[in-house]
Amino acid sequence: MLDVAGARADRPLFLFVNVSATHVPHGHYLGDSSDSWQSQAAALAYADEHLGDLVDGLTSDRRWLVVLCADHGDAFGEDGYHGRGIIHPTVTNVPFACMVV
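Letter by letter, the sequence shown follows residues 160 to 260 in our numbering.
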């Protein structure tokens, strides 16, 4: 991504980055074959580290409008629900941030 942005530094650029690390399966981030809120947290920590590097690299020489959002959450037993194909606050209340950096 940084190479793409660097090659187009002389004009506006829209980058869409899809982070699939937190989508199932993510148990492997804990060396397990099952998914849990702990493995999702580990996957999120992994993605956060790399997204931080990307944002730092992009903003080293110019300003960017950065929009971070999730498409859905996952239920891991909250109120007896599991998965993501349901209407439950754990699934529908997702993080969103917009900033100029």
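Glycine is no exception: its CB is placed at the ideal position from the N, C-alpha and C atoms.
Being a predicted model, the structure only gives us computed values, none of them experimental.
Check your understanding: Using 8 Å as the Cβ pair cut-off and three pairs as the minimum, do the stretch 244–255 and the stretch 212–222 touch?
Key -> no
Check your understanding: What residue does the alpha helix (DSSP H) around L213 start on, and which one ends it?
Key -> 196–217
Review point. Within 10 angstroms of its Cβ, does T218 collect 16 or more other Cβ (buried), or is it exposed?
Key: exposed
Check your understanding: To the nearest angstrom, how far is it from the Cα of C228 to the Cα of F175?
Key -> 11 Å
Point to revise | Cβ-Cβ distance between V178 and V225 below 8 Å | key: no
Practice item. Report the three-state DSSP secondary structure of G242 (helix, strand or coil). Key: strand
Point to revise | For V259, the first and last residue of its enclosing beta strand (DSSP E) | key: 255–259
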